[in-house]
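Participant: Protein chains in written order, with my numbering: chain A, 62 to 312; chain B, 292 to 674. Ideal Cβ positions, reconstructed from N, Cα and C, are used throughout, including at glycine. Please read all numbers here as calculations on a predicted model, not as lab measurements.
(1) Could one say the Cβ of residue 582(B) lies closer than 9 Å to chain A's Cβ atoms, at least one of them?
(2) Answer yes or no: does any C-beta atom of chain A fall closer than 9 Å to that of residue 602(B)?
(3) I'd like to know whether the C-beta atoms of residue 664(B) and residue 429(B) end up nearer to each other than 9 Å.
(4) Quick one: does residue 310(B) have its CB under 9 Å from some CB of chain A?
(5) Helix, strand or coil: which one does DSSP assign to residue 561(B)?
(6) Could you check if residue 297(A) is buried or exposed, using at least 16 other CB atoms within 10 Å of its CB as the buried criterion?
(7) Using the beta-carbon count (16 or more within 10 Å), is residue 164(A) buried or exposed?
(8) Which ranges would you report for the alpha helix (DSSP H) in the segment 69-106 of chain A if only whole runs of at least 4 residues count?
(9) Counting contacts by CB-CB distance shorter than 9 Å, is residue 88(A) in contact with chain B?
(10) Would you mind sorting residue 627(B) into buried or exposed? The rule is 16 or more other CB atoms within 10 Å of its CB.
(11) Shorter than 8 Å, the distance from the beta carbon of residue 482(B) to the closest heavy atom of the ligand FAD, or not?
(12) May I ask which residues mark the beginning and end of the alpha helix (DSSP H) holding residue 300(A)?
(13) Kindly indicate which three-state DSSP category residue 134(A) falls into: helix, strand or coil?
(14) Closest Cβ-Cβ distance between residue 462(B) and chain A: below 9 Å?
(15) Can you pull out the residues from the segment 108-127 of chain A whose beta carbon lies closer than 9 Å to at least one beta carbon of chain B?
(16) Which residue or residues does DSSP assign as beta-bridge partners of residue 270(A)?
(17) Leaving out five residues before and five after residue 300(A) in sequence, what residues of the same chain have Cβ atoms less than 7 Å from its Cβ?
(18) Residues of chain B with a CB under 7 Å from the CB of residue 235(A): which are they?
(19) Measure from the alpha carbon of residue 460(B) to the alpha carbon of each residue in 421(B), 439(B), 483(B) and 479(B), then state which is nearest.
(20) Does the segment 231-243 of chain A come close enough to the segment 256-268 of chain A that 3 or more CB-CB pairs lie under 8 Å?
(21) For a test of the three-state rule: what should DSSP assign to residue 299(B), helix, strand or coil?
(22) Closer than 7 Å between beta carbons: that is the criterion. Which residues of the segment 148-164 of chain A meet it against chain D?
(23) Going along chain B, which residues have a C-beta under 9 Å from residue 263(A)?
(24) Would you kindly work out how many angstroms separate the C-alpha atoms of residue 488(B) and residue 289(A), rounded to a whole number?
(25) Please report the straight-line C-alpha distance between residue 508(B) and residue 500(B), rounded to a whole angstrom.
(26) So residue 186(A) contacts chain B; which residues on that side make the cut at Cβ distance below 7 Å?
(27) With DSSP collapsed to three states, give me the class of residue 569(B).
(28) So that I know if they touch, is there some Cβ in chain A lying closer than 9 Å to that of residue 574(B)?
(29) Three or more beta-carbon pairs under 8 Å between the segment 528-548 of chain B and the segment 118-133 of chain A, yes or no?
(30) Is any beta-carbon of chain A found at less than 9 Å from that of residue 425(B)?
(31) How about residue 516(B) and residue 638(B): do their beta carbons lie closer than 9 Å?
(32) Alpha carbon to alpha carbon, what distance is there between residue 69(A) and residue 313(A)?
(33) Can you find the residues in the same chain that come closer than 8 Å, C-beta to C-beta, to residue 470(B), ignoring five residues on each side of it along the sequence?
(34) Could you check which residue in 328(B), 433(B) and 378(B) has the C-alpha nearest to that of residue 399(B)?
(35) Return the residue from the list 424(B), 466(B), 316(B) and 436(B) that minimises the CA-CA distance to residue 452(B).
(36) Beta-carbon separation of residue 296(B) and residue 598(B) under 9 Å?
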């Protein structure tokens, strides 16, 4: 259960891992290492050729993963083993096109059968209610994003059609580490809490243990993607690098 | 559903952008109903762009092919293509919305030049995203944009062409939506862009319909236009949608084998750049790299309304490869004294095939742009 997995952690950090970066075998080992270091849950990112919500680091991670031969079938061949071997729930993060290509319903069902518990889609259409229902029926949480620009009426609608946790996008802009804590995050998270009992996790731009601590003062969890993948991209030993990078955020 | 053409279209964008799209939709709806906006737009089209653009009877080509060919001369617009119609409409909208900065994507550079031009006209800062490969093959337009005061931002990610430039422009917009107007150049992207661009290009079809009735004394049998994203085609089609006129879009068939930009013919429905439409993609939904000798048609998607027109069979979409487009380029130079853009040369390149089964027919070809920018490419291809 995603919500419980976040609530049960005193320091709930959600790492994002681009599937297939340095090969799918490395991805599996990275996931196990992050789990051992106490990740609350783990986002498995499906690489996409045109990641329009991502900054340079995740664009590159996606590109490298595709170059090294990532396929959805390859992922499905391993996901079940991964999810069975870790304590942290796995959630899929993917642009909508790879999920729709072979039918959204069929693809979502395959994820559920592989032990995945939730899905995050950064380019959901305006009318995402149908997709929420579809995921609900399949037994998956559709984790929705709320942006700093999201008006109150839309915020209310989004969190009413959201499962697992609410993903508070803390910056105006694409993914990528930023030095400072964005202004207004605290109010933004409070604005989400007004309409839901789901945990609220903050993401986009997080790069240090200090930022994590400050964000956890008002949110239930913190998502870390680009900071982690930037180091994995450059690493000779991606598994150990991922483990050490994550461990430094935990303390 | 709002923002859809049948099953195509929609708003598949980061949550951050949804309010900006709503704001744009409302501003456009209000402007469309405002006589002063329409008056201002019309006046700029007349006094700055030089509209109406003429329609030319292509006498020698008609004689050779046995059909009556009329060219809608968008190449004679200020800045040399149909792109200015849309850029002008959108910049007036941006001003109305109080946006202080403009961004755009460009492939061949025609839309970039049109955007840089209207930004110079109204004194707005402008950044144009352009694939580094396109910068290389469209040097003249890059220099023109810089001369006009625009910043040309090279995009090196992915295939370094129009699709990557579009992604990069969207990334800029996600970060700056409160201050920045995204002036999209084709009938693509999330709602309301495909509709908005069609409405600002509709002037081509409205004029062409009146002109052909006057010149040929009747409606044409067919209207032919090239389709990359499809803005010139959707604009001219708009004038003939409710008439018994065959609408023919011409897609870029590249090398005539596996490398091309023919999304409607060879693609499957998918989501790219915020809209659901036919898309060249692999089994995993990864977008495929495309190729066309013309940078403006080198795009793996297509405007959602074209996908709708194709599936409802109101329009049909044909193929012209690099070689036939290049020979059409030469033919139009030699027979009519007109150098078409390589994009437009694809539409001209379809005429020979059309003429085989339609002797005596009257056709209107949208000559969407002029070819000065392509001389470099054409000479390199060895003509």
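Facilitator: Inspection of the coordinates gives the following:
(1) Residue-level contact check: residue 582(B) does not touch chain A, since none of the beta carbons of chain A fall below 9 Å from its beta carbon.
(2) Not one beta carbon of chain A lies nearer than 9 Å to the beta carbon of residue 602(B).
(3) Yes, they are a contact pair.
(4) Chain A contact via Cβ: present.
(5) Three-state result, residue 561(B): strand.
(6) It counts as exposed.
(7) So residue 164(A) ends up on the exposed side.
(8) Within the segment 69-106 of chain A, the complete alpha helix (DSSP H) segments at least 4 residues long are 85-97, listed from N- to C-terminus.
(9) No - not a single Cβ of chain B is within 9 Å of the one on residue 88(A).
(10) Around the beta carbon of residue 627(B), a 10 Å sphere encloses 16 or more other beta carbons of the protein chains shown; the residue is thus reported as buried.
(11) The ligand FAD is absent from the structure shown, which contains no ligand whatsoever.
(12) From DSSP, the alpha helix (DSSP H) with residue 300(A) extends over 299-311.
(13) Reduced to three states, the DSSP call for residue 134(A) is helix.
(14) Residue contact check for residue 462(B) against chain A: a CB pair falls below 9 Å.
(15) Correct list: 108, 109, 110, 111, 112, 113, 114, 115, 116, 117, 120, 121, 124 and 127.
(16) Bridge partners of residue 270(A): none, in fact.
(17) So the list reads 87, 90, 91 and 94, once near-sequence residues are dropped.
(18) Within 7 Å of the CB of residue 235(A), the CB atoms of chain B belong to 462, 465 and 466, in sequence order along the chain.
(19) The shortest Cα separation from residue 460(B) among 421(B), 439(B), 483(B) and 479(B) belongs to 421(B).
(20) Three or more pairs of CB atoms, one per stretch, sit closer than 8 Å, so the segment 256-268 of chain A contacts the segment 231-243 of chain A.
(21) Residue 299(B) carries a strand assignment under DSSP once its states are collapsed to helix, strand and coil.
(22) No chain D is present in this structure, whose protein chains are A and B.
(23) Residues of chain B passing the Cβ test: none, with the nearest at roughly 14 Å.
(24) Their backbone Cα atoms lie some 41 Å apart in a straight line.
(25) If you take the alpha carbons of residue 508(B) and residue 500(B), they lie about 11 Å apart.
(26) Under the 7 Å cutoff, chain B gives 301, 302 and 303.
(27) In the displayed model, residue 569(B) falls within a strand according to three-state DSSP.
(28) Between residue 574(B) and chain A, the shortest Cβ-Cβ separation is below 9 Å.
(29) No: fewer than three Cβ pairs fall under 8 Å.
(30) Not one beta carbon of chain A lies nearer than 9 Å to the beta carbon of residue 425(B).
(31) Cβ atoms of residue 516(B) and residue 638(B): closer than 9 Å.
(32) Here chain A covers residues 62 to 312 and nothing more, so residue 313(A) does not appear.
(33) Non-local beta-carbon contacts of residue 470(B) in its own chain, meaning distances under 8 Å to residues more than five positions away in sequence, involve 390, 391 and 392 in chain order.
(34) With distances taken between Cα atoms, residue 399(B) lies closest to 433(B).
(35) It is 424(B) whose Cα lies nearest to the Cα of residue 452(B).
(36) Yes, they are a contact pair.
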